[in-house]
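Under our numbering, the first residue of the sequence shown carries the number 437, and numbering increases by one thereafter.
Here's the structure, in structure tokens; my notes come after.
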Amino acid sequence: MDTETTMAQGLYGADTNARYDAACKRVLSEKFILAWIMKSCLEEYRDCNVRESVWTRPNAKRTPSTATA
Numbered sequence: 437m438d439t440e441t442t443m444a445q446g447l448y449g450a451d452t453n454a455r456y457d458a459a460c461k462r463v464l465s466e467k468f469i470l471a472w473i474m475k476s477c478l479e480e481y482r483d484c485n486v487r488e489s490v491w492t493r494p495n496a497k498r499t500p501s502t503a504t505a
């Protein structure tokens, strides 16, 4: 019988969603990828370069060590 049961289809779908979620979390855990997303989507990061948006917050006081990062 080639037809999967409803339960088997549900379990397969849950496994697929869990793997997709895990892959997305791995991608978004990369700071530089997240910085590009922030720069593209958030108004307060539009004028920042990627390195600056990764290491500092907008409107934060910059110390000499973070200004050169």
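Yeah, the Cβ is synthetic: ideal placement off N, Cα and C, and Gly gets one too.
Determine the direct distance from the alpha carbon of residue j to that of residue i, and round the result to whole angstroms.
i: L447; j: E466; result: 30 Å
i: Y481; j: A444; result: 45 Å
i: K461; j: F468; result: 14 Å
i: T452; j: K475; result: 30 Å
i: A458; j: E440; result: 25 Å
i: N485; j: Y456; result: 30 Å
i: W472; j: A450; result: 30 Å
i: R487; j: A454; result: 31 Å
Would you say residue i and residue j are within 8 Å of each other, going by their C-beta atoms?
i: L470; j: L464; result: yes
Write down every uninterrupted run of the alpha helix (DSSP H) in the segment 439-491 whose length is 4 residues or greater and which is fully enclosed by it, in chain order.
List check, alpha helix (DSSP H) in window: 442-464, 467-477 and 486-491.
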